[in-house]
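So the sequence shown is numbered by the working numbering: it starts at 275 and just counts up by one. C-beta atoms are modelled at their ideal positions from N, C-alpha and C, and glycine is treated no differently. This structure is a prediction, so every number in the text was calculated from the model and none was measured. Before any comments, here is the structure.
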Amino acid sequence: MKVFVAVFFLVGRALLLYAPQAFWQCFYLGRTKRIDGRTMNPRAQAYLSFTDRLSSADLPPVNVFRDGYDKLDAIFGGKRVAIEQVDKREIVINQHPLNIRTYDADPSEELKPGLLFFHGGGFVIGSVKSHDGFCRRLARDTGRRVISVEYRKGPEHKLPSAQQDAMATWEWLVDHAANEGVDKNDIAICGDSAGAALTLVVARYAAQQAIQPSAIIPIYPPEASLGETNSRQLLLDENISLTRKVIDWFGGHAADASTNFADPQYALSAKKLPRTYIITCGFDPLRDEGEAIVRHLTALGTEVTHDEMPGLFHNYILLGGVFPEVDETSRSIASFLKG
Numbered sequence: 275m276k277v278f279v280a281v282f283f284l285v286g287r288a289l290l291l292y293a294p295q296a297f298w299q300c301f302y303l304g305r306t307k308r309i310d311g312r313t314m315n316p317r318a319q320a321y322l323s324f325t326d327r328l329s330s331a332d333l334p335p336v337n338v339f340r341d342g343y344d345k346l347d348a349i350f351g352g353k354r355v356a357i358e359q360v361d362k363r364e365i366v367i368n369q370h371p372l373n374i375r376t377y378d379a380d381p382s383e384e385l386k387p388g389l390l391f392f393h394g395g396g397f398v399i400g401s402v403k404s405h406d407g408f409c410r411r412l413a414r415d416t417g418r419r420v421i422s423v424e425y426r427k428g429p430e431h432k433l434p435s436a437q438q439d440a441m442a443t444w445e446w447l448v449d450h451a452a453n454e455g456v457d458k459n460d461i462a463i464c465g466d467s468a469g470a471a472l473t474l475v476v477a478r479y480a481a482q483q484a485i486q487p488s489a490i491i492p493i494y495p496p497e498a499s500l501g502e503t504n505s506r507q508l509l510l511d512e513n514i515s516l517t518r519k520v521i522d523w524f525g526g527h528a529a530d531a532s533t534n535f536a537d538p539q540y541a542l543s544a545k546k547l548p549r550t551y552i553i554t555c556g557f558d559p560l561r562d563e564g565e566a567i568v569r570h571l572t573a574l575g576t577e578v579t580h581d582e583m584p585g586l587f588h589n590y591i592l593l594g595g596v597f598p599e600v601d602e603t604s605r606s607i608a609s610f611l612k613g
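This is the structure we're talking about:
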């Protein structure tokens, strides 16, 4: 049985990484998943089918989930993007040591624009390691010095520890910008999922400070205050990456019973924010939440650009070897920042 599973894994992984798109289009001809007027990318459908066959019905313990999530980049991230300088170290934020990674495609420049990155993972999993591949792409494509931060997570550190770390990290980077080789007047913020929520928290916080982000890029951001949106109703029980069971698992580990997501510290900004680029996915239960954030910020006068990846699902940016759209997303972010 173990031999069969190993062979299935190796063959399936090879097909996902190297089979052309036409292969998957033919394979799923007449069988592609369609929901809410959107058609799933056949390669995405293949990935979900493959991982579903390898998954247990029960969610793993936190440490196992974290380890598996961190390994996604090595398994499905594709060829590692070569970056001239990657610096790994710890900084002390809120009296806690946090891992950070700094990426620079051209370290010969003493001072350059910065990009502060917060990883996703439901405030429970994820790390600088899990998002290494995407941060390398961002450094390559944007030409910015990318600073990826591993904030505190549950269940060891319940919310709002992550929000506190994110705001304090912003202050640290502004205060130490020169030492980090970053122009403090041109620091953008990016993050996916839980990290996207942190980009919005920091932007709201910085709106009251002398230095604000030059831009923010939330990728498939959540907005828990909206409750059961239409996209949640349609997609949470479809076994597409982010399921109802997974969301409940995250909630149980990230927050405690007293956590009130209506609290102002979790609320969206009531003020105009720096120009914003929001990316959502057609097959993401959080899709409607991202669209609601677009409408909210636009109503405040924020300059908002919104792109939907109609055939993809939550977490796709970790799968750069499977989806060429990951490189496209990185290039789109670079274009937005240079625009």
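Check, Outcome
"Run of the alpha helix (DSSP H) containing Val398, from where it starts to where it stops", "First-last for Val398: undefined, no H or E at that position."
"Stretch pair the segment 310–321 + the segment 341–348: three plus CB contacts closer than 8 Å", "no"
"Exposure label - Tyr292; buried when at least 16 CB within 10 Å", "exposed"
"Simplified DSSP state of Thr325, which is helix, strand or coil", "helix"
"Distance cut-off 8 Å: Glu599 Cβ against heavy atoms of the ligand GDP", "Although the ligand GDP was asked about, the structure shown includes no ligands whatsoever."
"Inside the segment 320–394 only - beta strand (DSSP E) runs reaching at least 3 residues", "359–367, 370–378 and 386–392"
"Residues bridged to Pro492 [DSSP beta-bridge criterion]", "Gly465"
"Three-state secondary structure (DSSP) of Arg549", "coil"
"Whole-number beta carbon distance between Phe397 and Ala468, since they are thought to touch under 8 Å", "5 Å"
"Secondary structure of Met441, DSSP reduced to three states", "helix"
"Thr306 (DSSP reduced to helix, strand or coil)", "coil"
"6 Å Cβ shell around Glu577 - same chain, five flanking residues per side excluded", "Arg549"
"Own chain residues within Cβ distance below 6 Å of Ile399, not counting five before or after", "Phe339, Arg340 and Tyr343"
"Three-state secondary structure (DSSP) of Glu602", "helix"
"Nearest to Gly455 (by Cα), restricted to the options Leu592, Ser382 and Ala573", "Ser382"
"Selection from Asp601, Pro584 and Gly525 that minimises the alpha carbon distance to Ile261", "Outside the modelled stretch of the chain, which goes from 275 to 613, sits residue 261, for which no answer is possible."
"Three-state secondary structure (DSSP) of Ile421", "strand"
"Rounded straight-line distance, which links the Cα of Val281 to that of Ala489", "46 Å"
"Separation of Ala480 from Ala442, as counted between CA atoms", "11 Å"
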